Amino acid sequence: MIQENELITLILCLVALFFAISNYVKLKSLPGLKIFITSFTLFTMGWFFTVIEGIIFEEVFNIIEHVCYICSSLTMFIWAIVFFKKRGEN
Amino acid sequence: MNLIGVLDFFVFSITLASFSAILIGWRNQFSITTRLSLIAVLFITSFYYLSNFLEWSGISDIFVIVEDYIAILAPLAWFFFIYTFLQKNSEKNLRENQKNVEEAYRYTEFYKDLFTHDIRNILQNILLANNYIEQFNNDQDKLEKLPEICSLVKEQILRGENLISNVTKLSEIRQSPVAIQTVDLKNILEKTVENIKKLYDHRNFVVQIPDKKLLVKANDLLENIVENILVNAVMHNNNEPIEVWIKASKYKLNQTNYIKIEFIDNGIGISDDRKKEIFITREEEEHKFRTGLGLSLIKKVVEYYNGKIWMEDRIKGDYSKGSNFILLIPEG
Chain A
1 MIQENELITL
11 ILCLVALFFA
21 ISNYVKLKSL
31 PGLKIFITSF
41 TLFTMGWFFT
51 VIEGIIFEEV
61 FNIIEHVCYI
71 CSSLTMFIWA
81 IVFFKKRGEN
Chain B
1001 MNLIGVLDFF
1011 VFSITLASFS
1021 AILIGWRNQF
1031 SITTRLSLIA
1041 VLFITSFYYL
1051 SNFLEWSGIS
1061 DIFVIVEDYI
1071 AILAPLAWFF
1081 FIYTFLQKNS
1091 EKNLRENQKN
1101 VEEAYRYTEF
1111 YKDLFTHDIR
1121 NILQNILLAN
1131 NYIEQFNNDQ
1141 DKLEKLPEIC
1151 SLVKEQILRG
1161 ENLISNVTKL
1171 SEIRQSPVAI
1181 QTVDLKNILE
1191 KTVENIKKLY
1201 DHRNFVVQIP
1211 DKKLLVKAND
1221 LLENIVENIL
1231 VNAVMHNNNE
1241 PIEVWIKASK
1251 YKLNQTNYIK
1261 IEFIDNGIGI
1271 SDDRKKEIFI
1281 TREEEEHKFR
1291 TGLGLSLIKK
1301 VVEYYNGKIW
1311 MEDRIKGDYS
1321 KGSNFILLIP
1331 EG
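If you're matching them up, the sequences are chains A and B in order. With our numbering applied, the first sequence covers 1 to 90. With our numbering applied, the second sequence covers 1001 to 1332.
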């Protein structure tokens, strides 16, 4: 069953992701931009599978959702390291 | 603890590590609003993952009630972080563009001033010479002055040529600075003096050059500096012969080794009031005393070499006996 709050969060994630991708060129001065966008995409995918698990294959999509979260947090950690490295170079 | 509980434990730990790393490590990379929004992103996601971990590992479901509301804030925080970063970036770009436009405007005014003043001045001198020649009408007395008039015309043409060359050099320095390397000062002095003697073959021009080899950190533009100083020494000199003594020696100032180069001439000199203003570039102070582009160019190039330039009287206290241009160029 689809929960309203999960759907709203997913829509908000998609809006934010669209906003980030549509401003990709302007965001290029952000250190490690690709990693940052990847992290957010994985976070959004996590929410996508959260919604999907309410419709079909609950257990499978639940695991995929949490795998997406762990990938998202890992890329976020890599971004933090890249961020410091680039800042050091500057 | 089940598989998802373990996964969520790692998710929470890694996010917390990123959060801590960013909180501990950064300094003023972003504006305060951008930093706060990034902290919000990491705080909200950390909280969400902590709640997930506690729930799925069966430890506690204390945060479940607020988890859904907190989760909605996560994409909003991401959005706000990206938005504030973009906004601050746009402001920075706008400031840079404004600075570039202002600089371009100053240069436009500078070139306009250059053409309306110097080129007009040169053309007027040539026109005057032409008018004088037209009045000759085979008058033998006046015809005797013809070589002098021709020499004046030639001098004005050389002045114009020099001006155009200097404008080009200034523009080159501004757009793409030329690399600094080790160059032999003696070679540059010999080459430039030879060129100046050819240009002013109608004047009795005597130059003494130091005979020792000295290396300086400069480039080909040093030739232009020497050329400009020598041209000034010839143009502003009513004596015969025109004498220039070039001295070079090692000099130490503020722990830096320089080569001190002195150009001492027997020209008309520069009064104390004008001494302060001769190196002022037109783009800095366009209404101040006009010196021709030569000294502006010299100043810019010397500063580019991390060197220094100033001038003194040849004979202390009596400027009318000639000038001494002193250059400090870092030793090579």
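Virtual Cβ for every residue (Gly too), placed ideally from N, Cα, C. Remember, it's a predicted structure, so these values are computed and weren't measured experimentally.
Exercise for the section: Using a Cβ-Cβ cut-off of 7 Å, state whether residue 24 (chain A) counts as contacting chain B. Expected result: Locating residue 24 (chain A) in the first sequence gives position 24, counting from the first residue. False, the Cβ-Cβ gap to chain B never drops below 7 Å.
Handout entry: Cutoff 6 Å; reference residue 1151 (chain B); Cβ partners in own chain excluding five residues on either side
Key = What you label residue 1151 (chain B) is simply residue 151 of the second sequence in a count that begins at 1. Leaving aside the five residues that flank residue 1151 (chain B) on each side, the residues in its chain whose CB is nearer than 6 Å to its CB run, in chain order, 1202.
Exercise for the section: Give a yes or no on contact between the region 1069 to 1083 of chain B and the region 1042 to 1055 of chain B, applying the rule of three or more CB pairs nearer than 8 Å. Expected result: Under the 8 Å Cβ criterion, the region 1069 to 1083 of chain B counts as touching the region 1042 to 1055 of chain B, having at least three qualifying pairs.
Exercise for the section: Tell me where the beta strand (DSSP E) around residue 1330 (chain B) begins and ends. Expected result: Counting from 1 along the second sequence, the entry for residue 1330 (chain B) is found at position 330. Residue 1330 (chain B): member of the beta strand (DSSP E) spanning 1318 to 1330, first to last residue.
Handout entry: residue 1112 (chain B), buried or exposed, once every other Cβ within 10 Å from all chains shown has been counted against 16
Key = The residue labelled residue 1112 (chain B) in the question sits at position 112 within the second sequence. Residue 1112 (chain B) is exposed by the Cβ-count criterion.
Exercise for the section: Inspect the CB distances between the region 1101 to 1111 of chain B and the region 1050 to 1064 of chain B and report whether three or more fall short of 8 Å. Expected result: No, the region 1101 to 1111 of chain B is not in contact with the region 1050 to 1064 of chain B.
Handout entry: residue 1273 (chain B) versus residue 1116 (chain B): straight-line alpha-carbon distance, rounded
Key = Counting from 1 along the second sequence, the entry for residue 1273 (chain B) is found at position 273. Counting from 1 along the second sequence, the entry for residue 1116 (chain B) is found at position 116. Cα-Cα distance, rounded: 25 Å.
Problem - Contacts that residue 15 (chain A) makes with chain B (C-beta to C-beta distance below 9 Å) - result: For this step, residue 15 (chain A) is matched to residue 15 along the first sequence. Chain B residues near residue 15 (chain A): 1075 and 1079.
Handout entry: residue 1188 (chain B) beta carbon less than 7 Å from that of residue 1222 (chain B)
Key = Position 222 of the second sequence, counted from the start, is the residue given in the question as residue 1222 (chain B). Position 188 of the second sequence, counted from the start, is the residue given in the question as residue 1188 (chain B). Yes, Cβ-Cβ distance for residue 1222 (chain B) and residue 1188 (chain B) is below 7 Å.
Handout entry: Per DSSP, the bridge partner or partners of residue 1263 (chain B)
Key = Taking the first residue of the second sequence as position 1, residue 1263 (chain B) is located at position 263. Partner residues in the beta bridge of residue 1263 (chain B), as assigned by DSSP, are B:1246 and B:1325.
Handout entry: Assigned exposure category for residue 1265 (chain B) - 16 Cβ within 10 Å defines buried
Key = For the purposes of this step, residue 1265 (chain B) is taken as the residue at position 265 of the second sequence. Result: buried.
Handout entry: Proximal residues, the region 1088 to 1104 of chain B versus chain A, C-beta separation under 8 Å
Key = Residues of the region 1088 to 1104 of chain B with a C-beta atom less than 8 Å from some C-beta of chain A are 1089 and 1090, listed in chain order.
Exercise for the section: Specify whether the region 5 to 24 of chain A and the region 45 to 58 of chain A touch according to this definition: at least 3 beta carbon pairs, one from each stretch, less than 8 Å apart. Expected result: In short, these stretches touch, since the Cβ pair count reaches three.
Handout entry: For residue 1196 (chain B), the nearest candidate out of B:1182, B:1211, B:1225 and B:1179 (CA to CA)
Key = Within the second sequence, numbered from 1, the residue matching residue 1196 (chain B) stands at position 196. Taking each of B:1182, B:1211, B:1225 and B:1179 in turn and checking the Cα distance to residue 1196 (chain B), the smallest one comes out for B:1225.
Practice task
Measure the C-alpha to C-alpha separation of residue 64 (chain A) and residue 1180 (chain B) and round it to an integer number of angstroms.
Solution key: On the first sequence, residue 64 (chain A) is found 64 positions in, with the first residue counted as 1. On the second sequence, residue 1180 (chain B) is found 180 positions in, with the first residue counted as 1. If I take the Cα positions, the gap works out to 59 Å.
Practice task
Tell me whether residue 1310 (chain B) is buried or exposed, calling it buried when 16 or more other Cβ atoms sit within 10 Å of its Cβ.
Solution key: As a position in the second sequence, residue 1310 (chain B) is number 310, starting the count at 1. Under this definition residue 1310 (chain B) is an exposed residue.
Handout entry: Min CB distance residue 1011 (chain B) to chain A below 7 Å
Key = Against the second sequence, residue 1011 (chain B) aligns to sequence position 11. Yes, residue 1011 (chain B) lies at the interface with chain A (some Cβ there is under 7 Å from its Cβ).
Problem - Alpha carbon of residue 1166 (chain B) to alpha carbon of residue 1257 (chain B), nearest angstrom - result: Taking the first residue of the second sequence as 1, we reach residue 1166 (chain B) at position 166. Taking the first residue of the second sequence as 1, we reach residue 1257 (chain B) at position 257. Rounded to the nearest angstrom, the two C-alpha atoms are 29 Å apart.
Exercise for the section: Can you give me the start and stop residues for the alpha helix (DSSP H) that residue 28 (chain A) sits inside? Expected result: Numbered from its first residue, the first sequence carries residue 28 (chain A) at position 28. No alpha helix (DSSP H) contains residue 28 (chain A), which DSSP labels as neither H nor E.
Practice task
Let me know the secondary structure DSSP gives residue 90 (chain A) once reduced to three states.
Solution key: Here residue 90 (chain A) is taken as the residue at index 90 of the first sequence, counted from 1. At residue 90 (chain A), the pLDDT of 46 sits below 50, so the modelled position is not reliable; the number obtained from the coordinates is stated separately. The answer is coil: DSSP assigns residue 90 (chain A) none of H, G, I, E or B.
Handout entry: DSSP bridge partner residues for residue 1253 (chain B) (one or two, in chain order)
Key = Here residue 1253 (chain B) refers to the residue found at position 253 when the second sequence is read from its first residue. BP columns for residue 1253 (chain B) point to B:1256.
Exercise for the section: In angstroms with no decimal places, state the Cα-to-Cα distance between residue 58 (chain A) and residue 1022 (chain B). Expected result: Along the first sequence, read from residue 1 onward, the residue named residue 58 (chain A) stands at position 58. Along the second sequence, read from residue 1 onward, the residue named residue 1022 (chain B) stands at position 22. Each residue's alpha carbon lies about 35 Å from the other.
Exercise for the section: Report all residues from its chain with a CB closer than 6 Å to the CB of residue 1125 (chain B); omit the five preceding and five following residues, and keep chain order. Expected result: Residue numbering aside, residue 1125 (chain B) sits at position 125 when the second sequence is read from its first letter. The residues are 1156.
Exercise for the section: Would you please state the rounded distance, in angstroms, between the beta carbons of residue 1250 (chain B) and residue 1210 (chain B)? I believe it to be under 8 Å. Expected result: Working through the second sequence from its first residue, we reach residue 1250 (chain B) at position 250. Working through the second sequence from its first residue, we reach residue 1210 (chain B) at position 210. The C-beta separation of residue 1250 (chain B) from residue 1210 (chain B) comes to about 12 Å, leaving the pair out of contact by the 8 Å criterion.
Practice task
Name the residue from B:1130, B:1031 and B:1302 whose alpha carbon lies nearest to the alpha carbon of residue 1220 (chain B).
Solution key: The residue labelled residue 1220 (chain B) in the question sits at position 220 within the second sequence. For residue 1220 (chain B), the nearest C-alpha among the options comes from B:1302.
Handout entry: Bridge-paired residues (DSSP) for residue 1301 (chain B)
Key = The residue you call residue 1301 (chain B) lines up with position 301 of the second sequence. Answer by DSSP bridge pairing: none, since residue 1301 (chain B) is not bridged.
Problem - Three-state secondary structure assigned by DSSP to residue 1311 (chain B) - result: In the second sequence, residue 1311 (chain B) corresponds to position 311, counting from 1. When secondary structure is reduced to three states using DSSP, residue 1311 (chain B) falls in the strand class.
Problem - Complete runs of the alpha helix (DSSP H) confined to the region 1028 to 1071 of chain B [at least 4 residues] - result: If we require 4 residues or more, the alpha helix (DSSP H) runs fully inside the region 1028 to 1071 of chain B come out as 1032 to 1056.
Problem - CB contact below 7 Å: residue 1335 (chain B) versus chain A - result: Since the first residue shown for chain B is 1001 and the last is 1332, residue 1335 (chain B) is missing from the structure and cannot be characterised.
Problem - Pick from B:1143, B:1184 and B:1159 that is closest to residue 1212 (chain B), judged by C-alpha positions - result: For the purposes of this step, residue 1212 (chain B) is identified with residue 212 of the second sequence, where counting begins at 1. Checked all of B:1143, B:1184 and B:1159; the closest Cα to residue 1212 (chain B) is B:1184.
Problem - Three-way DSSP call (helix, strand, coil) for residue 1205 (chain B) in this model - result: One-based indexing of the second sequence puts residue 1205 (chain B) at position 205. Assignment of residue 1205 (chain B) by DSSP, reduced to helix, strand and coil, places it in the strand class.
Practice task
Classify residue 1051 (chain B) as buried or exposed, calling it buried when 16 or more other Cβ atoms lie within 10 Å of its own Cβ.
Solution key: To locate residue 1051 (chain B), count along the second sequence from 1; it is residue 51. With 16 or more other Cβ atoms within 10 Å, it is buried.
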